[in-house]
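One structure is given here, and the rest of the page talks about it.
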Amino acid sequence: MKPSKQHVLLLWILLSSTVINAVEPFSSFKIPNFTETWNSFWGESCNSYWISFNQTGLKADLENKLFGQHIASDIIFKSVSGFMNDDNPKKPLVLSLHGPTGTGKNFVSQLIADNIYKKGYHSKFVHVFSATLHFPHRSEIVTYKSQLQEWIKNGVTNCERSVFIFDEMNQIPPGVIDSIKPYLDYGKVEGVFFQKSIIIFLSNTGADQIAKTAVDFWKNGKDREEMMLKDFESFISPIVFNSDQSSFSKSTLIDSCLLDVFIPFLPLEYKHVVQCAMAAMRDKGRQPDENVADRAARSLVYYPKLEKVFAVSGCKTVANRVHLYR
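Numbering (mature numbering (1 follows the signal peptide of the UniProt record, and there is no 0)), first residue to last: -22 to -1, 1 to 304.
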């Protein structure tokens, strides 16, 4: 007869107790961590062992791993920290991240997950939706709405502290995302509580205007760190709402003020690309080399055409480019 998990676990407990008693005189013996073994044995669950917000870790990651995004770092840290430290939030936390490609929108969503879940971004409670994978055809909007509602409901039913990340928002057919309005608006739907979940939208919509604002600041001789959220809030929301190419086009989520904050991601300068290259080498276990980082950064295309200040693709290709300049 095949032993059940309960039998195997009971046997482990008995053996551990015997071993511990037998070797107790030896101070070098490391006593097995029962809690850790128990949780690892049963797999990831929706409990405090697997889900524990690391506020200090998030702050450090945003400061040391996300480059050139002082506005995003500040807003995201305050928003996530305040939400996760609230035992009874009134509604889910909904963040909409906007900016050019390669500026850190996907990366920062991973940092958030890494500091909430023991398994980080790979936790089964982190749900990532891609426009091209999950919502590829505009002719299937009705089907997508029904599927999305079911996915969100099932995710939160399994764990109220779930994170939902929508990538390529600018490519999701308009109207689809409005299907989740009841979950953001009422908190409890059909006996399921949604208040403790986090929803993150990632989009390039508004990127051109964000880049233009950054260029104007630079041309006017202003320091990059002088840019504030208020310099972008006035135009991001209207652009997102009125654009025919936006998934939020005429969205009831915006009309009902259910998106907590639109966060701009600024175009990256040469110095930020160098920082990305150095970080990429560290992540790959290589000794960071400033010469390699410099060459990788200088190989990118920059704009405006004459001044060449901001990287067109940000840090998107840097991790692979460092291999070219060893």
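Beta carbons are placed, not taken as given, at the ideal position from N, Cα and C, and that holds for glycine. No experiment lies behind these values; they were computed from the predicted model shown.
With respect to I119, G153 sits close: the two C-beta atoms are nearer than 8 Å. Under the 8 Å Cβ criterion, the stretch 83 to 91 does not count as touching the stretch 116 to 132, having fewer than three qualifying pairs. Burial is judged here by how many other beta carbons sit within 10 angstroms of a residue's own beta carbon; C235 has fewer than 16 and is exposed.
Contact between the stretch 142 to 149 and the stretch 102 to 110 is present, with at least three C-beta pairs closer than 8 Å. Taking 3 residues as the minimum length, the beta strand (DSSP E) runs contained wholly in the stretch 102 to 171 are 104 to 108, 141 to 145, in order along the chain. The three-state reading of DSSP puts E247 in strand, counting E and B together. Looking from the CA of P67, the closest CA among K166, I54, S87 belongs to K166. Runs of the beta strand (DSSP E) spanning 3 or more residues and lying entirely within the stretch 164 to 241 occur at 176 to 181, in chain order.
As computed with DSSP, V72 is found in a beta bridge with I177.
For A189 against F288, the beta-carbon gap comes to about 7 Å, under 8 Å, which counts as contact. Pairing V218 with S30, the inter-Cα distance amounts to about 34 Å.
In this model, D39 and G80 are separated by some 18 Å (Cα to Cα). CA-CA distance, G292 to F85, rounds to 12 Å. In the three-state reduction of the DSSP assignment, Y303 falls in the helix class, which pools H, G and I.
Rounded to whole angstroms, the separation of the alpha carbons of G199 and P114 is 43 Å.
Between T230 and K159, the CB-CB gap stays under 8 Å. Distance from the CA atom of L180 to the CA atom of Y303, rounded to whole angstroms, is 32 Å. Distance between E41 and K228, taken at the CA atoms: about 35 Å. Inside the stretch 256 to 304, DSSP marks whole alpha helix (DSSP H) runs of 4 or more residues at positions 268 to 276, 296 to 299, from first to last along the chain. Per DSSP, the beta-bridge partners of I29 are Y95. Ranked by Cα distance from S225, the first of D163, S157, H301, S101 is S157.
The residues H76, G184, F240, P242, in chain order, have a CB closer than 7 Å to that of I214 in the same chain once the five nearest residues on each side in sequence are set aside.
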